[in-house]
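Residue numbers (my numbering), protein chains in the order written: chain A, 96 to 457; chain B, 96 to 457. Positions of the beta carbon are idealized from the N, C-alpha and C atoms, including for glycine. Here is the structure we will look at.
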């Protein structure tokens with residue numbers, strides 16, 4: 096067996112310890128005689144798994160009691176509809192558009208509320224985070240929406256917008272659990288787990304319960320009402336049990352190493368190594384304004400498409416996988432999520448230097 | 096390791112060979128250096144997995160080209176809304192109510208269409224399938240809806256309703272892939288996979304493409320439009336990749352042993368052993384009209400709640416797990432899905448005889 100360093104933007108690497116534990120218990124979870132994939136979601140064993148996962152998540156992130164933590168299905172796109180469906184009261188929402196996902200979220204929300212785009216960085220291909228210190232937010236806005244880390248463009252908010260007293264909603268799919276957050280600053284945040292937490296098919300929603308409109312329009316499906324799942328502790332119907340279990344293993348892995356403050360240090364160290372290498376390079380260039388560079392997703396280019404392709408191909412041959420950039424930016428993208436070891440970034444940056452030396456010499 | 100015989104109604108047993116293969120490849124899928132839980136859903140390796148899963152499903156079930164096969168999220172409850180959202184044209188639908196799930200589906204559908212309940216077995220606690228040979232189906236009905244196997248009550252349709260030319264829609268979650276079906280008799284069928292196919296978190300929808308209303312109301316979320324997923328071959332957003340992979344292993348397991356005709360023989364043999372034992376017993380009684388007995392879920396009672404509880408407890412001590420019945424019926428329920436080996440039913444029926452002998456002697 097030879098594991099690669101997988102720089103995919105998601106689904107992405109999971110911690111080796113998590114995978115090993117999942118494998119160890121795959122046929123027989125802790126003497127239950129069953130796989131987690133086989134057990135009733137109404138039984139004691141699975142109840143222990145999901146309740147511990149929720150408790151560990153609350154501990155890890157610091158979730159106050161007036162927030163619900165939900166394990167749902169359907170990914171970000173489902174939340175793009177569920178957020179406006181459930182939080183709309185006045186009928187206006189403010190969206191800050193910093194990439195494809197925020198743009199899609201705003202478009203989907205228009206089915207359910209009036210959407211005001213209060214800021215955007217589309218003018219420069221989303222290569223920066225706009226100044227959000229003094230936005231013109233409608234007074235009756237039910238919430239202000241951001242995508243906190245932009246997987247495709249490689250930007251990240253390091254300061255949350257000044258919402259002027261309005262509730263903040265954040266899609267945190269691609270910087271989920273990568274650093275400590277202050278939950279009280281959010282009314283709701285959600286993340287698909289498949290980048291930084293667990294296997295695709297689980298979406299975690301953390302929502303301040305009093306924000307949910309208790310009187311939703313009839314057309315809102317039962318499954319898309321947060322209250323449905325709150326009332327049943329995420330067990331309204333059969334949940335994605337295996338995915339929740341693996342997320343729980345990741346929570347334990349994070350707690351064991353000291354929680355989000357510790358993983359943040361490691362992520363900073365990896366990002367520093369990568370961006371220092373980039374800044375010292377004469378061949379490779381970043382595509383993002385320096386102060387907005389994501390710690391999770393780092394796009395970079397040589398400026399020569401053939402050379403980019405050559406780099407990606409040679410890297411893959413060395414076990415540095417999935418470095419191809421998104422078509423909207425081109426070039427390369429290195430995703431440096433929690434589970435990417437420092438050694439992976441060392442190997443990548445060394446390879447970048449070798450590649451540069453080789454291609455300068457030619 | 097000691098595996099139990101798990102008679103849970105779902106999630107339920109998976110074939111041991113499927114679990115073993117999933118474990119074998121968990122850290123490194125076929126030399127890719129990654130787990131299936133870690134790989135990009137846009138990459139070649141996962142594309143191979145999902146396309147093979149779809150091809151194998153089509154082969155196994157005999158799906159004609161004018162039907163789409165979709166791998167979705169959200170379970171039956173999501174389909175309870177998606178079916179009327181997508182198939183409503185005239186604005187009327189006929190529902191046959193044979194249990195909780197059909198009842199819930201009908202109630203959810205009322206958000207989107209006029210629902211006419213054309214038959215029901217609620218008068219006798221859903222213990223039979225009503226005569227559906229000459230129902231009063233509204234002429235403008237967009238479809239006739241059934242739940243083909245009723246997990247809770249243990250009834251199953253062995254003859255499909257006479258829909259009088261209307262399209263048939265079936266929830267097949269709990270008899271999915273348990274016997275051959277004639278796809279052309281259905282306009283749409285769907286199943287949560289967590290009973291007979293794979294891990295919870297995947298719903299397979301098979302729909303005749305021309306039935307989908309191309310002009311849906313604005314409020315239908317992008318994610319709940321079948322066309323969204325048809326256009327992208329189930330890859331509109333990140334799919335529940337691990338679950339789809341395990342379903343694919345089950346499809347291969349079924350094909351290897353001769354397909355649905357072969358598994359049907361095995362399921363008939365298991366059900367015959369169980370029901371023969373039940374019919375010979377003086378202690379245990381079935382709760383379902385004989386000709387409607389499900390081959391998948393067999394509820395039974397002693398008529399004495401304490402004795403039922405004692406049976407369930409003693410059975411569990413012998414590795415016969417999750418035999419407790421649903422609260423709507425009480426007593427016991429043995430679910431005999433595809434992955435339950437014949438030996439499991441032998442062990443259960445032997446234990447029933449021993450228990451009866453012991454408790455008659457006392």
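Starting from the Cα of residue i, find the closest Cα among the options and give me that residue.
i, options, result
"residue 424 (chain B)", "B:432, B:399, B:414, B:437", "B:399"
"residue 196 (chain B)", "B:403, B:244, B:187", "B:244"
"residue 307 (chain B)", "B:352, B:237, B:292, B:299", "B:237"
"residue 212 (chain B)", "B:220, B:230, B:206, B:223", "B:230"
"residue 242 (chain A)", "A:252, A:188, A:98, A:279", "A:252"
"residue 332 (chain A)", "B:115, B:295, B:361", "B:295"
"residue 235 (chain B)", "B:204, B:183, B:358", "B:183"
"residue 412 (chain A)", "A:348, A:443, A:246", "A:443"
"residue 104 (chain B)", "B:439, B:438, B:448, B:417", "B:417"
"residue 274 (chain A)", "A:156, A:302, A:293", "A:156"
"residue 170 (chain A)", "B:367, B:335, B:439", "B:335"
"residue 376 (chain B)", "B:421, B:347, B:433, B:450", "B:450"
"residue 342 (chain A)", "A:357, A:254, A:438, A:116", "A:116"
"residue 326 (chain A)", "A:144, A:97, A:164", "A:164"
"residue 301 (chain A)", "A:97, A:200, A:203, A:158", "A:158"
Which residues mark the beginning and the end of the beta strand (DSSP E) in which residue i is found?
i, result
"residue 392 (chain B)", "392-396"
"residue 292 (chain B)", "Per DSSP, residue 292 (chain B) belongs to no beta strand (DSSP E) and is neither H nor E."
"residue 164 (chain B)", "162-167"
"residue 283 (chain A)", "283-287"
"residue 209 (chain A)", "209-215"
"residue 191 (chain B)", "187-192"
"residue 429 (chain A)", "427-430"
"residue 370 (chain A)", "Where residue 370 (chain A) is concerned, there is no enclosing beta strand (DSSP E), although the alpha helix (DSSP H) it sits in stretches over 355-375."
"residue 265 (chain A)", "263-266"
"residue 240 (chain A)", "239-242"
Could you check the C-alpha separation between residue i and residue j for me, to the nearest Å?
i, j, result
"residue 354 (chain B)", "residue 130 (chain A)", "25 Å"
"residue 340 (chain A)", "residue 118 (chain A)", "12 Å"
"residue 315 (chain A)", "residue 208 (chain B)", "14 Å"
"residue 452 (chain A)", "residue 198 (chain A)", "40 Å"
"residue 345 (chain B)", "residue 258 (chain A)", "50 Å"
"residue 351 (chain B)", "residue 297 (chain B)", "23 Å"
"residue 218 (chain B)", "residue 284 (chain B)", "27 Å"
"residue 289 (chain A)", "residue 268 (chain A)", "8 Å"
"residue 446 (chain A)", "residue 337 (chain B)", "31 Å"
"residue 365 (chain B)", "residue 106 (chain A)", "40 Å"
"residue 278 (chain B)", "residue 387 (chain B)", "22 Å"
"residue 404 (chain A)", "residue 139 (chain A)", "52 Å"
"residue 127 (chain A)", "residue 121 (chain A)", "11 Å"
"residue 419 (chain A)", "residue 310 (chain B)", "37 Å"
"residue 186 (chain A)", "residue 393 (chain B)", "50 Å"
"residue 189 (chain B)", "residue 313 (chain A)", "20 Å"
"residue 328 (chain B)", "residue 110 (chain A)", "30 Å"
"residue 305 (chain A)", "residue 317 (chain B)", "27 Å"
"residue 191 (chain A)", "residue 240 (chain A)", "6 Å"
"residue 362 (chain A)", "residue 448 (chain A)", "21 Å"
"residue 360 (chain A)", "residue 437 (chain A)", "11 Å"
Taking a contact to mean a Cβ-Cβ separation below 8 Å, would you say residue i touches residue j in this structure?
i, j, result
"residue 426 (chain B)", "residue 383 (chain B)", "no"
"residue 435 (chain A)", "residue 100 (chain A)", "yes"
"residue 265 (chain B)", "residue 281 (chain B)", "yes"
"residue 223 (chain A)", "residue 216 (chain A)", "yes"
"residue 193 (chain A)", "residue 221 (chain A)", "yes"
"residue 390 (chain B)", "residue 455 (chain B)", "no"
"residue 141 (chain A)", "residue 134 (chain A)", "yes"
"residue 205 (chain B)", "residue 168 (chain A)", "no"
"residue 358 (chain A)", "residue 433 (chain A)", "yes"
"residue 102 (chain A)", "residue 429 (chain A)", "yes"
Where do the ends of the alpha helix (DSSP H) carrying residue i lie?
i, result
"residue 171 (chain A)", "170-182"
"residue 113 (chain A)", "111-119"
"residue 156 (chain A)", "139-156"
"residue 340 (chain A)", "336-351"
"residue 403 (chain B)", "400-412"
"residue 326 (chain A)", "321-326"
"residue 198 (chain A)", "195-204"
Spell out whether any CB of chain C is found under 8 Å from the CB atom of residue i.
i, result
"residue 308 (chain B)", "Reference to chain C is not applicable here, since the protein chains of this structure are A and B."
Original post:
Do the segment 362-380 of chain A and the segment 318-327 of chain A meet, that is, are 3 or more Cβ pairs less than 8 Å apart?
Top reply: no
Original post:
So, do the segment 175-189 of chain A and the segment 136-152 of chain A have three or more beta carbon pairs nearer to each other than 8 Å?
Top reply: no
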